[in-house]
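Heads up: the sequence shown runs through residues 247 to 696, numbered per our numbering.
Glycine is no exception: its CB is placed at the ideal position from the N, C-alpha and C atoms.
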Amino acid sequence: MNSRNLASLILLLLLAAFAIYVALPIDHPDWFTNLVARHQSPERALQTRLGLDLQGGTQVQLEANVPEGRTVSAEDIETARIIIERRVNGLGVAEPLVQTSGERIIVALPGVEDPDAAVETLRSTGQLEFVDIGNNQFLAAGDPILTSLRAGDIVTDAVVYETILTGDLLSRADVSRDPTTQEIFIAFEWKPDGADIFEQFTSTHIGQRLAIVMDATILSAPVINSTIRESGIIEGQFTLEEARNLAIQMQYGALPVPLQIVDVRTVGPSLGEDSVQSSVKAGIIGVIIVLLFMLVYYRLPGFLADLALMTYAALNLMIYKLVPVVLTLPGIAGFLLSTGMAVDANILIFERMKEELRAGRSLGNAIEAGFSRAWTSILDSNLSTLITCLILYYFGSNFGASIVQGFAITLGIGVLISMFTAVIATRTFMRFVVGLFGERLQKRLALFGI
């Protein structure tokens with residue numbers, strides 16, 4: 247066995263060990279969680295997340311809250327739905343159900359730990375403004391404020407402050423923590439147009455105050471000490487959850503119309519615990535039968551394929567935790583279907599390999615020829631499946647069919663990983679075994695089903 251094959255085997259085993267460690271239902275160390283899942287909230291990182299049909303959750307109904315006589319267009323409602331769906335995804339709730347019904351928007355939030363905070367994040371208009379308050383020393387965080395953006399043509403005796411910039415010109419907003427004081431703040435960056443305006447304003451207003459306003463309430467009002475261009479921070483007495491929700495509103499923009507909550511209810515799992523357990527048992531039994539079939543029918547290659555399939559399962563579970571992917575029953579079905587496709591790829595390879603062995607080729611050449619001849623069929627089959635997954639995901643995104651989305655996501659992930667494990671992992675295992683026992687195996691072709 248040459249050094250290249252040995253290096254490939256070591257890398258594969260390290261990857262498999264890493265995947266198994268991530269997939270295990272244990273409490274991982276904080277440093278590890280921060281390293282591999284820094285985009286997730288610490289309290290939910292590296293957890294297996296279940297959908298509304300498996301674990302229940304919160305269902306919210308919202309409707310447009312506009313003055314009497316004003317109509318709300320279907321375009322405004324659809325835009326609001328898209329923004330809410332982005333906010334839900336930003337909360338870490340993958341595969342939400344967000345759909346419209348007339349002037350109402352229905353949102354299903356599976357497994358949300360703080361429903362009240364999540365509902366507030368959805369309901370808030372999320373209109374971020376940077377407002378010139380000059381030398382006013384009395385306005386402070388938490389105070390209401392009337393801005394030129396909101397006042398419009400309204401005639402009022404109240405002081406109206408000029409809006410310099412809005413959140414529409416932001417390119418990014420993230421939650422960070424000061425390593426020294428451990429205080430939480432929000433870091434933001436401007437798009438090029440916003441950066442130009444911000445630089446011009448701050449350069450001519452040094453020593454004056456700039457209020458950062460969300461939904462007509464001041465978040466902070468710092469003094470401008472120098473010219474600022476691309477980025478800045480928002481400081482305040484935020485908890486981690488408050489800062490995260492605020493950053494989500496900033497990142498995904500303001501709602502086109504204000505929304506009010508019509509109904510909030512806790513939803514139990516639509517599938518009983520017995521049904522879920524039966525489905526899981528059926529899947530496990532099916533996988534065990536497939537593993538036994540591969541072992542009995544293909545013998546040594548089947549055993550190596552079983553190792554590759556276990557690696558495949560660990561990689562899938564790792565991806566589900568890292569992305570993260572919320573598992574629903576259709577999502578589990580997509581995973582099981584992709585498992586079948588992984589087995590099918592191995593069967594194609596082994597049948598081609600057996601044909602080469604029967605034709606009298608050496609074991610090493612038969613293995614390489616088997617993989618080479620099967621590759622085209624495997625690629626064509628998996629590409630057609632991936633295209634189907636993209637179509638299903640597109641229609642699920644645009645027509646509110648999140649169940650279809652879940653199936654498409656897990657099937658697509660499974661197909662990509664199955665191509666890796668069938669072609670790379672199985673071949674690496676085969677080369678390793680042949681490199682160690684080549685001559686003895688050449689004399690015992692019965693181990694290959696010949």
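Any chain C beta carbon closer than 9 Å to residue i
| i | result |
| --- | --- |
| R332 | Checking the listed chains, one finds no chain C in this structure; it contains a single protein chain. |
Residue from the options with nearest C-alpha to residue i
| i | options | result |
| --- | --- | --- |
| E309 | V679, E324, R545 and S466 | E324 |
| G348 | L691, E366, S319 and L374 | S319 |
| D442 | L465, L416, V459 and R250 | L416 |
| P208 | T409, A433 and Q506 | Absent from the model: residue 208. The displayed extent of the chain is 247 to 696, so no value can be given. |
| R350 | A588, Q307 and Y498 | Q307 |
| D362 | R475, E487 and L609 | E487 |
Coarse secondary structure for residue i, derived from DSSP in three states
| i | result |
| --- | --- |
| S254 | helix |
| D389 | coil |
| I329 | helix |
| G684 | helix |
| L505 | strand |
| F484 | coil |
| I696 | coil |
| A354 | strand |
| I410 | strand |
| V510 | strand |
| A345 | Reading off the sequence shown, one finds Gln at residue 345, where the question assumed Ala. Note: Q345 maps to strand in three-state DSSP. |
| D360 | coil |
Nonlocal neighbours in the same chain, by C-beta distance under 6 Å from residue i, ignoring five residues either side
| i | result |
| --- | --- |
| T346 | I323 and R327 |
| A612 | M599, E602 and L603 |
| A654 | C635, L638 and Y639 |
| I649 | P576 |
| T409 | E375, V377, T393, S394 and L395 |
Residue i beta carbon near the ligand ATP (any heavy atom closer than 8 Å)
| i | result |
| --- | --- |
| M460 | The ligand ATP is not among the ligands present in this structure, which contains no ligands whatsoever. |
Rounded separation between residue i and residue j - CA only
| i | j | result |
| --- | --- | --- |
| N270 | I637 | In the sequence as presented, Asn is not what sits at residue 270; that position holds Leu. C-alpha separation (whole angstroms): 32 Å. |
| W621 | R545 | 22 Å |
| E445 | E481 | 20 Å |
| L374 | Q428 | 25 Å |
| I659 | L632 | 9 Å |
| L573 | S477 | 37 Å |
| V536 | T585 | 10 Å |
| N382 | I452 | 14 Å |
| V680 | I352 | 58 Å |
| G297 | I458 | 37 Å |
| D420 | I432 | 6 Å |
| T448 | N471 | 8 Å |
| L252 | I578 | 35 Å |
| G695 | R673 | 17 Å |
Spatial neighbours of residue i in its chain, beta-carbon cut-off 7 Å, leaving aside the 5 residues before and after
| i | result |
| --- | --- |
| L411 | F376, G440, I443 and F444 |
| S370 | D461 and Q495 |
| F675 | L550, L553 and A554 |
Proximal residues to residue i (C-beta, below 8 Å), its chain only, five neighbours per side dropped
| i | result |
| --- | --- |
| A386 | I464 and A467 |
| G532 | L582 |
| F683 | none |
| V661 | S584, M587, N628, T631, L632 and C635 |
Entirely within the segment 291-319 and at least 3 residues each: give me those beta strand (DSSP E) ranges in chain order.
303-310
Give the list of continuous alpha helix (DSSP H) stretches no shorter than 4 residues that lie fully inside the segment 416-481.
438-450
Ranges of the alpha helix (DSSP H) found wholly within the segment 570-652, counting only runs of at least 4:
575-604 and 609-644
At 4 residues or longer, and completely inside the segment 521-567: list those alpha helix (DSSP H) runs for me, N to C.
none
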